[in-house]
Each structure stands twice: as C-alpha cells, then as structure tokens.
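This report refers to the structure that appears directly beneath it.
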Amino acid sequence: KAGVTQTPRYLIKTRGQQVTLSCSPISGHRSVSWYQQTPGQGLQFLFEYFSETQRNKGNFPGRFSGRQFSNSRSEMNVSTLELGDSALYLCASTGGGAVYNEQFFGPGTRLTVL
Amino acid sequence: GQNIDQPTEMTATEGAIVQINCTYQTSGFNGLFWYQQHAGEAPTFLSYNVLDGLEEKGRFSSFLSRSKGYSYLLLKELQMKDSASYLCAVNDDYKLSFGAGTTVTVRA
Chain L
1 KAGVTQTPRY LIKTRGQQVT LSCSPISGHR SVSWYQQTPG QGLQFLFEYF
51 SETQRNKGNF PGRFSGRQFS NSRSEMNVST LELGDSALYL CASTGGGAVY
101 NEQFFGPGTR LTVL
Chain Z
1001 GQNIDQPTEM TATEGAIVQI NCTYQTSGFN GLFWYQQHAG EAPTFLSYNV
1051 LDGLEEKGRF SSFLSRSKGY SYLLLKELQM KDSASYLCAV NDDYKLSFGA
1101 GTTVTVRA
C-alpha cells in the first residue's frame, strides 16, 4: 500500500509570491491534516479536512488556506509569502489504522522563501 | 490553549534505558501519541495511550496519567539508530498538538 505522497519535495520562492503544495493520502483515508515544522516553533497544526470539509484550523493567518478534493487529495496554498514561511510542510492522513486517529505522515515539502 | 512540555535534549549510552517525560495542559484530550523523527525525515508513529497505564511495544513503552496530565516514553536497550527526536502529541479531535520534541543522542 502506497504511503502519503507530497509534491513537490523542495520549493524555492521569493517574498510576495504564492505557492501551492499537494498531498495525496493513503488510499482509503479520508482525513488529511497539514502541519508546519520549523526549528523554532516545532510542529504546528495548520488545518484538517475530511470529505472536502475543513473541520479544524490552527492559529495561522488567512494567507494560509487549503482544500480537499472528492478523491481526498488535498492542497494548501500560501499567498504573499514571507521569509518566516520558510519551513517543512507536512501532511498526514488518517483512517484505516488500528489506532484511533493515528496519523501517517508524508515526507514533507521543504519551502524556502528568499 | 495547548501547553505541552518535554525536555529539549537527553543523552544516553548504547544499551541503557532513557525515559522522556511529557506534561500537558490542553483544552481537550482524546489520547496521547509518541512519534519518532530522524533528521530530515517525517515523523513515524511509536505509541498511543488513551487510558491510564502502561503500553508496551518491544523496546518502547509509554505511560499515561490523565489526572496528572503526564506521560512518558521509555526506550530500553538503546541502539545507535534510536538517536532521533521524540515528539509527544495530544490528540484533540481532528488535531494533534505537538510538544517541541526531545532530541535523544545515543553514544557508544
């Protein structure tokens, strides 16, 4: 069974640009969560989607948005990039595991903002 | 708000035992996870506790006390490959809140 996949793996952008990251969950999983990981702040929750609906949202500005498609694939978008948005963006999918709400993480997208 | 605390760093010798503590104060609680993350890689699941007590899985064990807002991860018979960051995370319906992580260094 294929794991969680994220594309692209690496991305370099400049301030003011926007970026879209993609996540394909494990087959059969319907929940996708997004996290930002930085050395200073650790892993921080961005948002979670289930059946195309956002069920929970973290404390990030409105520049961060996401969506989920009918096939459970998810995208997140960051507009008007700032230097502080440089981070590893991880997505995780849930469902089908023996452990309630166990989240399986993808390899992440490393975003660098110059 | 969510407040999850764990030590920043720990060092131990190969073959030894290390205990990583995690204390939490969160608005909701549906269980506590421990994840391992090697440098440059994604977190991988280690254990999950939703009821008080000890869960054992091979060399790794995890303990939870909900009344005290406390958990620990016990790593036995340490191996060099156990050098990694260990993340404590509280599950609060559709959302995991993570601690900053504990970097464990295993020395020969």
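First to last, the sequence lines map onto chains L and Z. If you count the first sequence from 1, position 51 lands on 51 in the numbering used here, and the numbers rise without skipping. If you count the second sequence from 1, position 3 lands on 1003 in the numbering used here, and the numbers rise without skipping. Where is the CB? At the ideal position from N, CA and C, for every residue including glycine.
Buried or exposed: residue i, going by 16 or more other Cβ atoms within 10 Å of its Cβ?
i, result
"Asn71 of chain L", "exposed"
"Gln1079 of chain Z", "exposed"
"Lys1095 of chain Z", "buried"
"Pro1043 of chain Z", "buried"
"Asn59 of chain L", "exposed"
"Ser31 of chain L", "buried"
"Ala92 of chain L", "buried"
"Pro25 of chain L", "buried"
"Ile1004 of chain Z", "buried"
"His29 of chain L", "buried"
"Gly106 of chain L", "buried"
"Gln18 of chain L", "exposed"
"Thr94 of chain L", "buried"
"Tyr118 of chain L", "This structure cannot speak to residue 118 of chain L, because chain L is shown only from 1 to 114."
"Phe1063 of chain Z", "buried"
"Thr1011 of chain Z", "exposed"
Taking 7 Å as the line, does the beta carbon of residue i fall inside it for any heavy atom of the ligand GDP?
i, result
"Ala92 of chain L", "Ligands are entirely absent from the displayed structure, and the ligand GDP is therefore not among its contents."
With DSSP as the reference, label residue i as helix, strand or coil.
i, result
"Leu81 of chain L", "coil"
"Val1104 of chain Z", "strand"
"Leu114 of chain L", "coil"
"Ser74 of chain L", "strand"
"Asn1003 of chain Z", "strand"
"Ile1020 of chain Z", "strand"
Who are the neighbours of residue i on chain L, taking C-beta pairs under 7 Å?
i, result
"Phe1098 of chain Z", "Gly42, Leu43"
"Gly1101 of chain Z", "Gly42"
Starting from the beta carbon of residue i, find every residue of chain Z whose beta carbon is closer than 7 Å, and list them in chain order.
i, result
"Glu48 of chain L", "Tyr1094, Lys1095"
"Gly108 of chain L", "Ala1042"
From what residue to what residue does the beta strand (DSSP E) around residue i run?
i, result
"Gly66 of chain L", "64-68"
"Leu11 of chain L", "10-13"
"Thr990 of chain Z", "It is not possible to answer for residue 990 of chain Z, since the shown part of chain Z is limited to 1001 through 1108."
"Ala92 of chain L", "87-94"
"Phe104 of chain L", "103-105"
"Gln6 of chain L", "5-7"
Chain Z partners of residue i, CB-CB under 8 Å?
i, result
"Leu90 of chain L", "Ala1042, Pro1043"
Name the chain Z residues whose beta carbon is nearer than 9 Å to that of residue i?
i, result
"Arg142 of chain L", "Residue 142 of chain L lies beyond the residue range present for chain L, which begins at 1 and ends at 114; the question has no answer from this structure."
So which residues on chain L does residue i lean against when the C-beta distance must stay under 9 Å?
i, result
"Tyr1024 of chain Z", "Under the 9 Å cutoff, chain L gives no residues; its nearest Cβ is about 14 Å from Tyr1024 of chain Z."
"Leu1051 of chain Z", "Result: empty, since nearest Cβ-Cβ is about 12 Å, beyond 9 Å."
"Leu1087 of chain Z", "Gly42, Leu43"
Practice prompt. Could you tell me which uninterrupted beta strand (DSSP E) segments, each at least 3 residues in length, are contained entirely in the stretch 1025-1100 of chain Z, listed from first to last along the chain?
Written response: 1032-1037, 1044-1049, 1053-1057, 1060-1065, 1070-1075, 1084-1091, 1096-1098
Worksheet item: In chain order, which beta strand (DSSP E) runs of at least 3 residues are fully inside the stretch 10-57 of chain L?
Response: 10-13, 19-24, 31-38, 42-50, 53-57
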